[in-house]
Amino acid sequence: MARLKVLSALDTARTQYYHFKAIIIAGMGLFTDAYDLFSITLIIKIIGRIYYGDRHGDNKYQTPPVVASALVAVALLGTAIGQLVFGRLGDLKGRRYVYGLALMLMVIGSLASGFTICTSRTCVLLSLGFFRFVVGLGIGGDYPLSSTIMSEFANKRTRGSFIAAVFSMQGFGILASAIVTTVVCSIFHRASNTTPQKPTPQGADVAWRLILMIGAIPAALTYYWRMMMPETARYTALVEQNVMQATKDMEKVLNISINDTAEENPLPPTQHKYPLLSMEFLRLHGRDLFACSSTWFLVDIVFYSSNLFQYQIYNHFLKNKNNVDVYQEAIDLARIQAIIAICSTIPGYFFSVYFIDRVGRVKIQMVGFFFMGLAFFAIGIPYYSYWTSENENNKGFIVLYGLAFFFANFGPNTTTFIVPAELFPARFRSTCHGISGATGKVGAIIGSVGFLWASHKEKEEGYPKGIGMQVSLMILGGVCMVGMVVTFFFTRETMWRSLEENEIEPLQIEIEEINYG
């Protein structure tokens, strides 16, 4: 297949200012994604203190399991739907066409979550759930579009690092949610009149709303630059069949001379026009779609079950949690979240950015799954006999738990975001990324909600008796090992290869099998 000069120029272009600008513009959506999805862990605790003081015994001030599960699942459900819808629209209408809409849904949903004007508990929770679903739609739309846009702008030598850098903004979103929670709660704590008779001051109802609304600011600030981004050259040339416009657009943002990229025959190469829902698509790309979807599904079971409900894992490590007010409890949880983010989550992203184009996607994904599994086995097997004993084992527990998240981000949590943006033809790229991501979010719902209910060994805090932490953690370790095996047998390497090479390879393989088989 003849290569278009403008696409060859993109593959060999040196790293420029616009690449870094695109990383920030695309990354702010992922920042808001992580901020919102992981701040809900802290918000659930505050909501329990505000609206559930009428419960009795140990359940007092505890958000009921059904409510906590619904607040988490509704955003993840919205994310899955957003990935499917916006992913398909990105291929049908163009990346740029729907990119701003996804961002606006995130911003509006985040702000509206805080502007809930209801006074009754039921009304507040229903409206919060609805607007979290809206936020999820925007977050879901941002996933396939950000990854696809970055992959189509980048050169082939550093494409993995650029996409990983976009995804690394999630780590800063997680850290930001902890910092903002700490700052907001500290301010309100100083101004509160908390007493043993009145442990939840009225200001707490404002604090959690403010925390959610602040998360919309970084994304809102990048809206203008998103609207100024041109359509990607690969979409314009290969899907819209307008090579001259693609060349002009790239000359505006990258240091590429139009004389060097002028085509002798300004027509794109002939493509095989098979539809998405066809046997030919499944024959050529079915294995890749299975590999991307299944590994994303498996890693999200582990990643979201542990992150969103991390306080269920080490509640017993927070001393005197029953003797502190609502602000201090949120600050304590935020502090642990920040420690995990600084010591393991963000370094894991940085390692991925550095090594992804040196070691390769497949090796990093396999190693990540393997060491995640070892960490969860090391926590889970002696969980009741050692980690919950009277001895001071907090530091060792946190180290192992941190290692699990380090290898999640220096591993499958990052690579599953990258690979779907590199394996598929331009006219299916964001659709297939959306399908893979939506499958992952189904795993996230299973992991976060299922793990929340299953991790209780005894009936407590409104939860029924489950399989307990030991078995739950060992299951998570087993899921990681399955992910490693699936990666080894099904995931193809994409390092240093042009997107056009990746999208025609399955057809070339089939032709070679016919000629030499």
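Residue numbers for the sequence shown follow my numbering, so the first one is 101 and each next one is one higher.
C-beta atoms are modelled at their ideal positions from N, C-alpha and C, and glycine is treated no differently.
Residues in the same chain with beta-carbon distance under 7 Å from residue i, minus the five sequence neighbours each way, listed in chain order, please.
i: I147; result: T163 and W308
i: R597; result: K256
Please report the residue range of the alpha helix (DSSP H) in which residue i lies.
i: R627; result: No answer is possible for residue 627: the residues shown for the chain start at 101 and end at 617.
i: R290; result: R259 to A291
i: S210; result: R195 to G214
i: V453; result: I446 to F455
i: G129; result: Y117 to Y151
i: G534; result: R529 to A554
i: N513; result: P512 to I518
i: I442; result: Premise fails: I442 is in no alpha helix (DSSP H) and is neither H nor E.
DSSP three-state label for residue i, please.
i: T179; result: helix
i: C223; result: helix
i: D305; result: helix
i: D111; result: helix
i: W396; result: helix
i: V106; result: helix
i: T587; result: helix
i: C218; result: coil
i: I311; result: helix
i: A173; result: helix
i: Q465; result: helix
i: Q570; result: helix
i: L239; result: Residue identity differs from the one stated: residue 239 is Ile in this sequence, not Leu. Residue state, collapsed to three classes: helix.
i: V459; result: coil
i: E593; result: coil
i: H156; result: coil
i: P564; result: coil
i: F506; result: helix
i: L376; result: coil
i: P318; result: helix
Between residue i and the rest of its own chain, which residues show a CB-CB distance below 6 Å, the 5 nearest in sequence each way excluded?
i: A544; result: L176, D400 and Y404
i: A173; result: I545 and V549
i: K557; result: G568
i: A265; result: I123 and V453
i: F471; result: F507
In whole angstroms, what separates the C-alpha of residue i from that of residue j?
i: G187; j: V549; result: 25 Å
i: I144; j: G229; result: 12 Å
i: K160; j: A168; result: 15 Å
i: A504; j: E351; result: 43 Å
i: L389; j: G511; result: 19 Å
i: I123; j: Y484; result: 44 Å
i: M204; j: M581; result: 38 Å
i: Y449; j: I239; result: 19 Å
i: G260; j: L500; result: 28 Å
i: L201; j: G153; result: 40 Å
i: Y117; j: S227; result: 42 Å
Assuming residue i contacts residue j under a Cβ cut-off of 8 Å, what Cβ separation, rounded to an integer in Å, is found between them?
i: T332; j: I249; result: 6 Å
i: A316; j: Q437; result: That pair is no contact at about 20 Å.
i: R195; j: L237; result: With 8 Å as the limit, R195 and L237 do not qualify as a contact, their Cβ atoms being about 17 Å apart.
i: K256; j: D111; result: 4 Å
Between which residues of its own chain and residue i is the CB-CB distance below 8 Å, once the five residues before and five after are set aside?
i: F131; result: M269, Q270, F272, G273, A276, P318 and A319
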